[in-house]
Each structure stands twice: as C-alpha cells, then as structure tokens.
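First residue of the sequence shown? That's 1 in the UniProt record's numbering, and the numbers climb one at a time after it.
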Amino acid sequence: MRKIFLLVFVVCTTGLFAQDKEIKKAIDVFFEGLNSKDVTKIQSVCDEGLKLQSVSQNEKGEVSLTTDEAAKFFAAIAAVPNAIKLEEKLLEYKIQYDGAMAHVWTPYEFYVDGKLSHKGVNSFQLFNDNGVWKIIYIIDTRKRA
1 MRKIFLLVFV VCTTGLFAQD KEIKKAIDVF FEGLNSKDVT KIQSVCDEGL KLQSVSQNEK
61 GEVSLTTDEA AKFFAAIAAV PNAIKLEEKL LEYKIQYDGA MAHVWTPYEF YVDGKLSHKG
121 VNSFQLFNDN GVWKIIYIID TRKRA
C-alpha cells in the first residue's frame, strides 16, 4: 500500500513541477527578450490581446494607474538605443495555476545602464493555449529607487 501511495505521490508532484517549469519558462523568455530589447522574443510568449497596466507612486505619495497598449509597449522597447542597457532582475517567482490559467508574482529590480531605476512587483496572468503558456495580462508596481 505504501508503494502505491508513494508512486501516486511521485507521479502527481512530477506533473506539478512540470507545469511550474513551463510557466516559469514563458516569464523567463519574456525577460530575456526585454533585457536584450528583442521584441520578437517578447511577443513569442504573449497573447495578441496582451493587456498592460502599471501602478506608480510619485514623490508626493500620490498613486496612479496607467494602461498601455501592447503595440506601444513593443515599439518603446524596440526604440531603446543599443547603447542603453536594460536589465530587469526577478527576485522570486510565486506561481499558482488551475488548469489552463496561471498567475505569477515576481518582485523585481529594474536597472538602466547598471543603475537601479525602480523596483516593484510584476503580476502576470497566463493562459495555456493548447499546451503553450501565453501571457495575457501584466500589471506591475513601480517605486523609485
């Protein structure tokens, strides 16, 4: 009986880790593309209907919510001069999923030319489209360094 329980446990947890790995891979590809300013790579893991929002706080402590169109986001990344180095460092991954829907929470630090620009948290919503995890929604917080 113990052997059967152990076998079922191993099979179930292996499936869970495989899902986590595939979800994390989509996020990693997104940031590989962002850090190298490769819009095609970013788009490869994003749904065509990608939604983007940011929550920012100014020096006075006032909070605002901005919404960006995916096309404008991609154009902004493509327009960054080659001489400028972007790097977003993800500090942790918290992955949750149920069937074809996943949520990933990633605290981060964003650097421009090696200098800390801002930090916050990314929240990603993903959809499993026939075995391929696609990012459908991103919202982040931005706090000045």
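Think of the CB as a built atom: it goes at the ideal place given N, C-alpha and C, for glycine as much as any other residue.
On a predicted model such as this, the values are computed, not experimentally measured, just so you know.
>> Quick check for students: name the residue ranges of the alpha helix (DSSP H) that lie wholly in the stretch 54-106, counting only runs of 4 or more.
In response: 70-79
> Would you call residue 120 buried or exposed, if buried means 16 or more other Cβ atoms sit within 10 Å of its Cβ?
Replying inline: Mapped onto the sequence shown, residue 120 falls at position 120. Residue 120 comes out buried.
> CA-CA distance, residue 87 and residue 99?
Replying inline: On the sequence shown, residue 87 is found 87 positions in, with the first residue counted as 1. On the sequence shown, residue 99 is found 99 positions in, with the first residue counted as 1. Approximately 32 Å, taken between the alpha carbons.
>> By alpha-carbon positions, which one of 32, 113 and 43 ends up nearest to residue 136?
In response: The sequence position of residue 136 within the sequence shown is 136, counting from 1. Checking every option, the nearest Cα to that of residue 136 belongs to 43.
>> With H, G and I counted as helix, E and B as strand and the rest as coil, what does DSSP make of residue 134?
In response: For this step, residue 134 is matched to residue 134 along the sequence shown. Reduced to three states, the DSSP call for residue 134 is strand.
> Can you tell which of 48, 127, 76 and 54 has the C-alpha that lies nearest to the C-alpha of residue 64?
Replying inline: In the sequence shown, residue 64 corresponds to position 64, counting from 1. Checked all of 48, 127, 76 and 54; the closest Cα to residue 64 is 54.
>> What does DSSP give as the partner residue(s) for residue 139 in the beta ladder?
In response: Within the sequence shown, numbered from 1, the residue matching residue 139 stands at position 139. 53 and 123, per the DSSP bridge assignment.
>> Suppose you measure from the CA of residue 81 to the CA of residue 35; what does that come to, to the nearest Å?
In response: Counted from its first residue, the sequence shown places residue 81 at position 81. Counted from its first residue, the sequence shown places residue 35 at position 35. Roughly 12 Å separates the two Cα atoms.
>> Short of 6 Å in beta carbon distance, which residues of its chain neighbour residue 50, apart from the five on each side in sequence? Order them along the chain.
In response: Taking the sequence shown and counting its residues from 1, the one referred to as residue 50 is at position 50. These residues qualify, in order along the chain: 70.
> Whose CA, out of 114, 108, 40 and 117, lies closest to the CA of residue 124?
Replying inline: For the purposes of this step, residue 124 is identified with residue 124 of the sequence shown, where counting begins at 1. By alpha-carbon distance to residue 124, the top candidate from 114, 108, 40 and 117 is 108.
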